[in-house]
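Asks: Protein chains in written order, with my numbering: chain A, 1 to 670; chain B, 671 to 890.
Where is the CB? At the ideal position from N, CA and C, for every residue including glycine.
What you are looking at is a predicted structure, and each value in this text was computed from that prediction instead of being measured.
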Amino acid sequence: MSPVVLLLMASAAQIAVAVAAAFGARLRGAGVAVYGASLAISAFVFVVSLVHLVTAAAPAGVTLPLGLPWIGAHFRLDALSALFAALVGLGASAANLYALGYGRHEATPERVLPFVPAFLGAMTLVILADDAFAFLVSWEFMSLASWALVIAHHHDEANRRAGFVYVAMAGFGTLALLFAFGLLAGVNGDYAFSAMREAARGPTVSAFVLALALLGAGSKAGLAPLHVWLPLAHPAAPSHVSALMSGVMTKVAVYGFIRIVFDLSGAPYWWTALPLILGGAATAVIGILWATMERDMKRALAWSTIENIGVIFAALGLALAFRANGMLPAAALALTAALFHAVNHTVFKSLLFFGAGAVLTATGERDLEKLGGLIHRMPRTAFAVLVASAAISALPPLNGFASEWLLFQAILQSPDLPQWALKIFVPAAGGMLALAAALAAAAFVRLYGVGFLGRPRSEAAAKATEVDRFMQAAMLGLALLCLLFGIFPGYVIDALAPVVRDLAGTTMPGQSWREWFTIVPVSEGRSSYNGLLVFVFVLMSGSMAAWVVHRAASRVVRRSIAWGCGFDEPAPAAQYSASSFAQPLRRVFGTLLLAATEKVDMPQPGDMRPAGHAVTLTDHAWTAIYGRIAGAIDAIAGRLNRLQFLTIRQYLSFVFMLLILLLLALVLWT
Amino acid sequence: MERLVLDIAHILAGGLVLVSIAMLYQDRLTSMINVFAAHAIVLSMAVAWQAWLQDAPHLYWTALIAIVFKAIVIPVGLHRIVRRLGIHRDIEAALSTGLTMMAAMGLVALSMALMLDVAAEADPLAREDLAFALAIVLIGLLVMVTRRNAVSQVIGFMSLENGLILAATAAKGMPLVVEISVAFSVLVAFIVIGVFLFRIRERFDSVDISALDDYRGERQ
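1. Check whether the Cβ of A/Arg526 lies closer than 7 angstroms to any heavy atom of the ligand ADP, and answer yes or no.
2. Can A/Phe313 and A/Gly287 be called in contact, C-beta distance under 8 angstroms?
3. Would the beta-carbon of A/Ile493 fall within 8 angstroms of that of A/Thr336?
4. How many whole angstroms separate the CB atoms of B/Ala805 and B/Ser781, which I take to be in contact at a CB cut-off of 8 angstroms?
5. If you check the beta carbons only, do A/Met508 and A/Val499 fall under 8 angstroms apart?
6. Would a check of beta-carbon distances place A/Thr670 closer than 8 angstroms to chain B?
7. Return the CA-CA distance between A/Arg587 and A/Ala394, expressed in angstroms with no decimal places.
8. Quick one: what's A/Leu64 bridged to in DSSP?
9. Write down the C-beta distance between A/Ala474 and A/Leu149 rounded to the nearest angstrom, noting that I regard them as a contact closer than 8 angstroms.
10. If I'm right that A/Leu77 touches A/Val126 with Cβ under 8 angstroms, what's the distance once you round it to whole angstroms?
11. How about B/Gln890: is its C-beta nearer than 8 angstroms to some C-beta of chain A?
12. At a Cβ threshold of 8 angstroms, is A/Val667 touching chain B?
13. Can you have a look at A/Leu594 and say buried or exposed, based on whether 16 or more other CB atoms are within 10 angstroms of its CB?
14. Check distances from the C-beta atoms of the stretch 629-647 of chain A to those of chain B and list, in chain order, the residues that come in under 7 angstroms.
15. Just grab the DSSP bridge partners of A/Arg642 for me.
16. Classify A/Gly540: buried if its beta carbon has 16 or more other beta carbons within 10 angstroms, exposed otherwise.
17. Does A/Leu663 have its Cβ less than 8 angstroms from a Cβ in chain B?
18. Below 9 angstroms between beta carbons is the criterion; list the residues of the stretch 777-796 of chain B that meet it against any residue of chain A, in chain order.
19. On the criterion of 16 or more Cβ atoms from any shown chain inside 10 Å, does A/Ala438 qualify as buried, or is it exposed?
20. Could you tell me whether the Cβ of B/Leu699 comes closer than 8 angstroms to any Cβ of chain A?
21. Residues of the stretch 798-815 of chain B in Cβ contact with chain A at a cutoff of 9 angstroms, in chain order, please.
22. Can you tell me the Cα-Cα spacing of B/Gln890 and B/Asn819, whole angstroms?
23. Does the distance from the CB of A/Leu53 to the CB of A/Ala342 come in under 8 angstroms?
24. Quick check on this structure: which residue in B/His709, B/Asp677 and B/Ala692 has the alpha carbon closest to the alpha carbon of B/Ile835?
25. Per DSSP, which one or two residues make a beta bridge with A/Ile519?
26. Could you give the DSSP three-state label for A/Thr465: helix, strand or coil?
27. Going by beta-carbon coordinates alone, are A/Ala504 and A/Ala221 separated by less than 8 angstroms?
28. What residue does the beta strand (DSSP E) around A/Lys688 start on, and which one ends it?
29. Just tell me which of A/Asn344, A/Leu481 and A/Ala460 has its CA closest to the CA of A/Leu374.
30. With a CB to CB cut of under 7 angstroms and the five nearest residues on each side skipped, what residues in its chain are close to A/Thr465?
31. For the beta strand (DSSP E) containing A/Gly364, list its first residue and its last residue.
32. Could you check what DSSP says for B/Gln890 in three-state terms: helix, strand or coil?
33. Given 8 angstroms as the limit, is there contact between the stretch 377-391 of chain A and the stretch 437-455 of chain A, that is, 3 or more CB pairs closer than that?
34. Distance, Cα to Cα, B/Leu800 vs A/Leu175?
35. Does chain B have any CB closer than 8 angstroms to the CB of A/Ser653?
36. Tell me which residues share the same chain as B/Ala707 and place their Cβ nearer than 6 angstroms to its Cβ, disregarding the 5 neighbours each side in the sequence.
Written out as structure tokens, the structure reads:
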């Protein structure tokens with residue numbers, strides 16, 4: 001049986017599990033059965049698509065007699081869809097394994113259980129779809145399933161609002177994609193992807209397709225300024241679903257974008273790359289800046305997702321710019337960086353959300369200001385989150401460094417670009433990405449330092465205990481992947497080669513045969529990186545330092561003086577807090593980019609009330625775009641309301657006028 | 671001879687348009703009903719001429735139905751309604767007569783331009799009949815839009831149906847079944863609206879449909 005049929009059967013099986021779960025969610029052991037079945041199916045999806053990807057098998061298609069009559073639904077598995085199907089399989093397997101433990105703490109399993117397998121099946125279908133109809137239906141199904149998961153805990157007003165914003169943005173995104181496919185299908189109206197690939201189109205149509213794809217896929221991925229729903233919706237869902245939404249669904253959106261822009265819309269124009277590169281870099285900076293300010297752990301992670309999506313889109317834009325100028329090896333490098341980063345982000349962002357879920361399970365808190373000291377109470381979780389934090393901060397020898405390093409290697413190729421606009425803006429975007437990388441490190445030092453180090457800031461954090469073995473296994477497994485992808489990036493790059501060859505026309509030089517697992521993106525003389533060497537160095541220097549500290553340090557007991565500069569104060573509130581850690585960054589960037597205002601309430605001497613300090617941050621996207629759109633819609637709706645109370649003759653007049661207008665248009669048009 | 675036959679068909683169809691326009695400036699209900707009867711007579715003549723022209727005897731039936739129902743039964747019925755309701759006063763038109771006439775001229779020009787353009791490959795006779803028919807439909811709509819009185823709106827609606835019948839007969843080979851159904855739909859509409867008018871009469875003591883708006887609480 002061909003792999004595409006196997007994957008379709010897997011999706012059907014997920015949906016069957018979802019239907020079964022809808023009926024049996026209240027039964028005893030339903031959680032274990034559903035997550036176990038879903039885990040088995042996801043692992044199967046992962047293995048089938050990984051084998052297809054690694055063996056670089058030929059694309060295979062299948063047409064099912066579903067959907068529109070006479071047309072049917074087309075599905076196809078090529079290298080690109082195999083990569084993303086493998087990502088879905090990987091993220092879903094980890095999430096289901098985690099949920100075997102985490103799901104036990106769910107108060108209302110019947111609101112979660114049916115939708116998780118449905119969501120997973122829908123994502124696989126999006127990736128396999130080979131015509132616009134199948135794609136859009138699966139896409140919308142994916143949106144709705146995830147929406148149901150966002151409002152699973154609907155008693156919370158904030159979650160309902162998140163669900164509303166999410167479903168509005170998802171509808172808007174699907175509409176944009178619908179128009180994009182309409183333009184791609186052209187006047188002949190053939191909605192099969194194979195026909196879209198063949199069709200020729202001019203620069204105007206290409207620009208509109210790019211803009212609509214950016215709106216449609218970008219809104220699902222969380223590209224600024226379409227990101228507003230993401231920090232609301234991703235944290236609102238249960239943690240394993242947050243991991244799926246951030247780690248996997250945003251990748252499905254990236255897949256949709258790559259499919260449309262790189263595969264379907266034909267040869268690119270160089271100027272199409274500019275909005276991508278600049279928008280991606282701006283998204284990265286804005287996203288990570290918010291992540292450094294956010295007190296809620298899961299929301300901080302969601303903001304960091306926005307940053308990573310920005311990085312991926314900037315890399316995609318770079319690949320587009322190189323490809324449009326015929327610099328195929330550089331395009332392959334940038335595209336590999338984008339795909340590698342997408343893979344990495346799935347791994348470490350899933351892990352981080354698992355960690356946040358573990359903290360939530362153990363303490364019931366998401367607020368960083370109430371955590372602290374968890375490294376002693378939850379050592380394995382703390383270790384896994386530490387690995388993921390280091391990876392997402394792009395520290396060698398972990399995987400985040402490998403992909404970001406490739407991206408900066410690609411940016412360093414930009415002086416060879418012929419257009420001045422690109423020559424100027426690509427290094428500028430590179431600077432912004434470097435800033436984002438540094439801020440990411442700050443954000444995760446803050447998240448980890450405040451959450452896991454120091455002393456507990458609340459009773460709940462002090463009483464936390466380590467989570468169960470399923471959750472640990474999921475987290476430590478992903479942590480191992482972070483390390484493996486970081487030490488042996490050559491294998492990942494070679495596994496991505498079939499995808500890159502399809503989309504960029506060529507591949508990066510082969511890596512896995514090199515000595516000692518070195519990777520060389522361009523040529524030996526230019527740059528090379530050896531993750532294993534760095535790992536060995538880090539390991540050796542780390543253990544040396546530990547040895548020196550433990551052996552050579554003085555064993556004399558030291559007692560601090562009574563007036564000990566504040567830290568002898570036993571209250572944990574005297575520690576660095578999440579807000580105080582963010583304060584310098586807020587002073588530097590916040591006033592302009594986040595509209596940060598501080599209000600200090602200092603009582604007069606003799607006044608007994610407590611002093612206060614409040615910070616308000618505003619997302620410019622809300623005030624500048626969404627607030628205005630909402631206001632305009634409100635005003636127009638208010639005006640149109642009068643149409644409800646016309647006389648019969650006036651309604652008839654409207655019909656008559658419209659008829660005349662249409663006839664006039666017909667006369668003038670033909 | 672061929673030429674003359676076509677010209678007569680045109681004259682009849684054009685006459686129908688002319689009567690439609692004449693309907694626009696009637697300001698008394700009784701005269702409006704009379705003009706509608708004339709409309710039906712011209713229609714039946716046009717249909718009969720088409721029947722002879724196309725050698726389609728079933729179209730004579732259509733002509734007969736038109737003349738019996740639309741020129742005799744319905745106008746007589748409407749006259750009785752108007753007398754029973756006691757509405758011999760002026761029709762209040764929403765638009766002034768001059769403006770309405772100019773709008774009607776524009777509509778005729780529009781349908782000519784449209785049909786001669788869109789149906790360029792069609793048979794010339796059918797094409798120009800279609801253009802006239804479209805003009806009659808549009809003017810019928812205009813009558814409905816410009817009148818406030820329910821009876822004159824019904825008349826506008828029925829003149830619109832006449833336009834449809836003209837279009838149907840201009841298309842060759844249309845079976846009688848369809849025409850009977852069209853005629854019946856007009857009759858049913860007439861009956862339904864007649865009943866409706868009496869109900870209006872009972873509730874509001876007027877057939878001016880603005881009374882309905884008052885009933886819905888929309889006019890202050």
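Replies: Taking the structure as given:
1. What this structure holds is no ligand at all, so the ligand ADP is not there to describe.
2. No, Cβ-Cβ distance for A/Phe313 and A/Gly287 is not below 8 angstroms.
3. For A/Ile493 and A/Thr336, yes; Cβs fall inside 8 angstroms.
4. B/Ser781 and B/Ala805 do touch by the CB rule: their CB atoms are close to 4 angstroms apart, below 8 angstroms.
5. Taking 8 angstroms as the Cβ cut-off, A/Met508 and A/Val499 do not qualify as a contacting pair.
6. At least one beta carbon of chain B lies nearer than 8 angstroms to the beta carbon of A/Thr670.
7. A/Arg587 and A/Ala394: Cα-Cα distance of roughly 25 angstroms.
8. Answer is A/Ala73, bridged to A/Leu64.
9. Under the criterion of beta carbons closer than 8 angstroms, A/Ala474 and A/Leu149 do not qualify as touching, at roughly 18 angstroms.
10. Contact flag wrong, Cβ pair sits at about 13 angstroms.
11. Interpretation of B/Gln890 is limited by its pLDDT of 45, a score under 50 that renders its predicted location unreliable; the figure taken from the coordinates is listed afterwards. B/Gln890 does not count as touching chain A.
12. Under the 8 angstroms criterion on CB atoms, A/Val667 is classed as interfacial with respect to chain B.
13. Taking all protein chains shown into account, A/Leu594 has 16 or more neighbouring C-beta atoms within 10 Å of its C-beta and is therefore buried.
14. Residues passing the 7 angstroms Cβ filter: Phe645 and Thr647.
15. According to DSSP, residue pairing for A/Arg642 in a beta bridge does not occur.
16. Note that residue 540 of chain A corresponds to Met in the displayed sequence, not to Gly. When all chains shown are included, A/Met540 counts as exposed.
17. Yes, A/Leu663 lies at the interface with chain B (some Cβ there is under 8 angstroms from its Cβ).
18. Cβ contacts with chain A come from Leu777, Leu780, Ser781, Ala783, Leu784, Asp787 and Val788.
19. A/Ala438 comes out exposed.
20. So no, B/Leu699 is outside the interface.
21. Taking a C-beta cut-off of 9 angstroms against chain A, the contacting residues of the stretch 798-815 of chain B are Leu804, Leu808, Leu811, Leu812, Met814 and Val815, listed in chain order.
22. Annotation note: pLDDT 45 at B/Gln890 (below 50); position unreliable, no value reported.
23. No, they are not a contact pair.
24. Out of B/His709, B/Asp677 and B/Ala692, B/His709 has the C-alpha closest to the C-alpha of B/Ile835.
25. The partner list for A/Ile519 (beta bridge, DSSP) reads A/Tyr529.
26. In the structure shown, A/Thr465 sits in coil (DSSP, three-state: anything other than H, G, I, E or B).
27. No, the Cβ-Cβ distance between A/Ala504 and A/Ala221 is not below 8 angstroms.
28. Given a span of 1 to 670 for chain A in the structure shown, any question on residue 688 of chain A remains unanswerable.
29. Taking only the C-alpha atoms, the option nearest A/Leu374 is A/Ala460.
30. Counting only Cβ-Cβ distances below 7 angstroms, and skipping sequence neighbours, we find Ala362 and Arg377.
31. For A/Gly364, there is no enclosing beta strand (DSSP E), as DSSP marks it with neither H nor E.
32. Low per-residue confidence applies at B/Gln890: pLDDT is 45, beneath 50, and the placement is therefore not dependable enough to give any value.
33. By the Cβ test, the stretch 377-391 of chain A is in contact with the stretch 437-455 of chain A, since at least three Cβ pairs between them sit closer than 8 angstroms.
34. In this structure, the CA atom of B/Leu800 is about 40 angstroms from the CA atom of A/Leu175.
35. Look at A/Ser653: its C-beta is under 8 angstroms from a C-beta on chain B.
36. Residues of the same chain with a CB within less than 6 angstroms of the CB of B/Ala707, apart from the 5 flanking positions on each side, are Ala741 and Pro745 in chain order.
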